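Sequential numbering of the sequence shown, starting at 1, is according to full-length UniProt numbering.
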Amino acid sequence: MSDLSMLALIGVLSISCQWLAWRIKLPAILPLLICGLLLGPTLGLLEPDSLFEDLLFPFVSLAVAVILFEGSLTLKFEEIRGHGRMVTNLVSIGMLVTFVVIAILTHFIMGYGWEISALFGALVVVTGPTVIQPMIRSIRPINKLANILRWEGIIIDPLGALLAVLVYEFIIASQDVAFLHALQAFATTIALGFALGWGAARLLGLALGRGWFPHYLQNVATLTIVLGVFALSNAIQHESGLLTVTVMGMVMANTRNLNMEEILEFKETLSVLLISALFIILAARLDFAEFDALGIPAVILIAIILFAVRPLAVWLSAIGTELRFKDKVLLSWIAPRGIVAAAVSALFALKMEESGWTEAAAVVPLVFLVIMTTVVLQSLTAKPLARMLGLLEPQAKGFLIFGANQMARAVAKSIQESGIPVRLADTNWENIKLARMDNLPVYFGNPASEHAANNIDLTGLGQLLVMSPYKQLNPLVSMYYQDWFGSRKVHGLNGGEQDYRASHQLTENYRKTLNLFGDSVTYSKLASLHFKGAKIKSTPITDSFSFADYQQKYGTRALPMFALDDAEKLHIFTTERELIPQPGWTVIAMISAEPEENDVEQDNAERKE
């Protein structure tokens with residue numbers, strides 16, 4: 001196979017593995033790893049060293065730089081403080097305990113030197129959102145534990161990468177020199193990394209904030225500047241570039257009044273391709289003989305990491321919290337290692353082998369073995385364990401609402417007041433800000449994006465209501481969540497005359513979802529009713545006041561939206577089924593100040609045209 005064909009095949013397989021992982025709701029790292037092992041050591045089709053030759057090392061270096069920068073863009077220090085003591089302890093005390101204990105165990109069990117042992121310990125502290133989020137969605141633990149695991153993965157991703165970079169920098173600085181000289185070189189690297197990273201972030205933030213780049217160049221300019229700063233840092237101080245770009249991302253993430261959403265989305269798209277291709281390439285470089293060479297000591301080490309080190313970190317982190325014994329048991333079992341550990345370990349191993357560290361070659365298969373064991377074992381066993389402990393989330397009764405406009409906020413408030421979980425998602429910051437002022441849970445951004453896949457909290461949510469005016473995004477969001485919630489759990493407002501006239505442009509599956517609140521109810525109609533003074537009102541149905549009495553009393557003034565039954569399940573009024581609330585239920589409807597018969601007649605006339 002030609003080099004061109006192989007490069008194209010890597011790209012096709014990268015996206016295919018991501019798609020497969022999305023379909024089967026498993027971490028993408030599994031199909032990517034299997035694909036790489038099949039192409040490389042199994043079939044011998046892909047030999048990265050001969051394919052890329054001298055470009056392999058620069059490619060891996062630049063790819064890891066982009067991955068670390070993108071990961072550090074998600075670290076906002078206020079979020080560490082804002083998610084409870086347990087999350088704060090896990091990413092500080094827990095991370096350090098894991099690092100130190102694994103380093104000591106690796107030294108004595110595997111027989112590696114202290115430097116390699118410390119590097120391995122730093123590499124495997126990272127869980128990461130790309131691995132933990134699909135697992136949480138598959139397991140569906142109770143809300144409290146899901147949030148702890150999710151935020152631990154998001155925050156420890158850049159922090160763990162920073163720890164690994166610092167350990168690596170110290171090892172490189174201490175090679176073949178006296179201790180004082182090593183400290184001096186390490187201090188120089190740290191100072192340069194933080195100073196250059198901070199300065200570059202401030203300058204780039206200033207350029208983006210003042211519009212020095214046209215909109216269509218912002219993403220590309222950011223990428224090239226990051227790569228340029230990475231290369232400049234390495235040129236000034238050997239191997240300082242990764243620290244510099246990590247610090248740069250952290251500073252930009254915590255810069256006030258700097259909107260990084262579009263850049264972050266672009267970086268995520270790029271990172272998905274880079275991570276996928278990189279993981280296939282790195283897995284293809286492995287040799288099954290390297291796994292055999294690790295032997296029984298590696299099995300013992302991984303068993304201790306799973307059954308002793310993680311529980312120790314969780315129990316120490318849980319001191320002073322209100323977590324129950326069974327909560328800590330489940331948290332102790334779920335800690336899959338991810339793509340950052342694989343990518344960074346491979347890069348460091350390449351660099352250290354070039355510098356004469358022969359033991360460094362064993363780090364990569366050991367890290368990959370930890371990744372495979374934790375992801376496969378925990379994916380298969382975490383849900384049965386959660387069920388046995390009684391920690392599975394009850395049936396998801398809540399709603400994700402796409403759109404945080406005035407009408408959507410009013411609907412969300414009525415749902416929230418009924419005791420049902422709700423979350424609003426919108427790409428408009430003003431809408432999100434107003435929703436926050438109403439104490440409504442929100443997600444700012446495109447809910448069908450890669451960022452949302454790793455960050456949006458869907459705990460307790462099982463249905464989607466599309467109530468936004470964004471005609472281009474609505475079908476995308478609807479189709480995306482049909483795969484998560486099921487096609488019958490996605491409902492959208494009718495598009496009105498435009499959708500009827502352009503029905504050939506809409507898929508049949510999407511058209512079936514346009515059934516929210518009735519066939520004649522459009523976004524424009526709801527907004528008009530709300531503008532004219534209509535209010536959302538909850539009315540109990542009793543033996544003496546049936547739903548028929550309710551309809552007779554309000555007539556066309558009432559637009560029924562939901563019905564809350566006596567089991568506290570919220571039913572939606574749609575065109576798909578006839579809903580007749582029973583005594584003990586509560587009807588939630590928009591009540592107009594005056595009858596809207598003319599509006600209904602007008603809507604019917606429009607559909608007949």
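Where is the CB? At the ideal position from N, CA and C, for every residue including glycine. On a predicted model such as this, the values are computed, not experimentally measured, just so you know.
N- and C-terminal bounds of the beta strand (DSSP E) containing residue i
i           : result
residue 590 : 586 to 591
residue 572 : 570 to 572
residue 540 : 535 to 540
residue 223 : It is not in any beta strand (DSSP E) - residue 223 instead sits in the alpha helix (DSSP H) that spans 218 to 236.
residue 466 : 461 to 466
residue 426 : 422 to 426
residue 398 : 398 to 402
When the options are compared against residue i, the one with the closest alpha-carbon
i           : options               : result
residue 192 : 145, 470, 144 and 242 : 242
residue 301 : 373, 351, 333 and 290 : 373
residue 299 : 105, 579 and 394      : 105
residue 220 : 204, 581 and 233      : 204
residue 329 : 417, 113 and 311      : 311
residue 459 : 438, 398 and 577      : 398
residue 556 : 567, 521, 586 and 4   : 521
residue 464 : 425, 450 and 437      : 425
residue 457 : 136, 320 and 543      : 136
residue 14  : 284, 109 and 218      : 284
Residue i to residue j span [Cα, whole Å]
i           : j           : result
residue 401 : residue 548 : 30 Å
residue 324 : residue 155 : 23 Å
residue 593 : residue 534 : 6 Å
residue 149 : residue 327 : 11 Å
residue 469 : residue 46  : 48 Å
residue 59  : residue 561 : 55 Å
residue 489 : residue 474 : 15 Å
residue 11  : residue 277 : 6 Å
residue 93  : residue 50  : 43 Å
residue 513 : residue 333 : 39 Å
residue 368 : residue 579 : 53 Å
residue 418 : residue 322 : 27 Å
residue 591 : residue 518 : 15 Å
residue 620 : residue 395 : Since the first residue shown for the chain is 1 and the last is 609, residue 620 is missing from the structure and cannot be characterised.
residue 604 : residue 493 : Because residue 604 sits at a pLDDT of 47, beneath the cut-off of 50, its placement in the model cannot be relied upon, and the following sentence gives the value as read from the coordinates. Between residue 604 and residue 493, the C-alpha separation is close to 15 Å.
residue 381 : residue 25  : 15 Å
residue 355 : residue 180 : 20 Å
residue 503 : residue 16  : Any reading at residue 503 is ruled out, since the residue's pLDDT is 49, under 50, leaving its predicted position unreliable.
residue 602 : residue 528 : Only weak support exists for where residue 602 lies, its pLDDT of 46 falling under 50; the value from the coordinates is given anyway. About 13 Å.
residue 76  : residue 68  : 15 Å
Contact check, residue i vs residue j, beta carbons under 8 Å
i           : j           : result
residue 530 : residue 406 : yes
residue 71  : residue 158 : yes
residue 340 : residue 124 : no
residue 280 : residue 35  : yes
residue 27  : residue 130 : yes
residue 187 : residue 248 : no
residue 141 : residue 386 : yes
residue 432 : residue 410 : no
residue 212 : residue 251 : no
residue 537 : residue 453 : no
residue 88  : residue 161 : no
residue 343 : residue 275 : yes
residue 253 : residue 73  : yes
residue 292 : residue 41  : no
residue 586 : residue 567 : no
residue 99  : residue 84  : no
residue 95  : residue 43  : no
residue 331 : residue 314 : yes
residue 572 : residue 516 : yes
Residue i - containing alpha helix (DSSP H), residue span
i           : result
residue 18  : 3 to 24
residue 491 : Looking at the DSSP string, residue 491 is not in any alpha helix (DSSP H); the run it does join, the beta strand (DSSP E), is 490 to 492.
residue 481 : 473 to 485
residue 153 : 143 to 173
residue 49  : 48 to 52
residue 642 : Coverage of the chain is limited to positions 1 through 609, which leaves residue 642 absent and any answer about it impossible.
residue 391 : No alpha helix (DSSP H) contains residue 391, which DSSP labels as neither H nor E.
residue 292 : 288 to 304
residue 563 : That residue, residue 563, is in no alpha helix (DSSP H); its beta strand (DSSP E) goes 558 to 564.
residue 309 : It is not in any alpha helix (DSSP H) - residue 309 carries neither H nor E in the DSSP assignment.
residue 124 : Segment: none, residue 124 is in no alpha helix (DSSP H) and carries neither H nor E.
residue 523 : 523 to 531
Contact belief for residue i with residue j at Cβ below 8 Å, rounded distance in angstroms
i           : j           : result
residue 115 : residue 190 : The pair is not a contact, with the Cβ atoms about 17 Å apart (cut-off 8 Å).
residue 384 : residue 132 : So it is not a contact: roughly 18 Å between Cβ atoms.
residue 347 : residue 66  : Incorrect: roughly 12 Å between the Cβ atoms, too far for contact.
residue 392 : residue 413 : At roughly 29 Å, the Cβ-Cβ gap does not stay under 8 Å, so residue 392 and residue 413 are not in contact.
residue 30  : residue 375 : 6 Å
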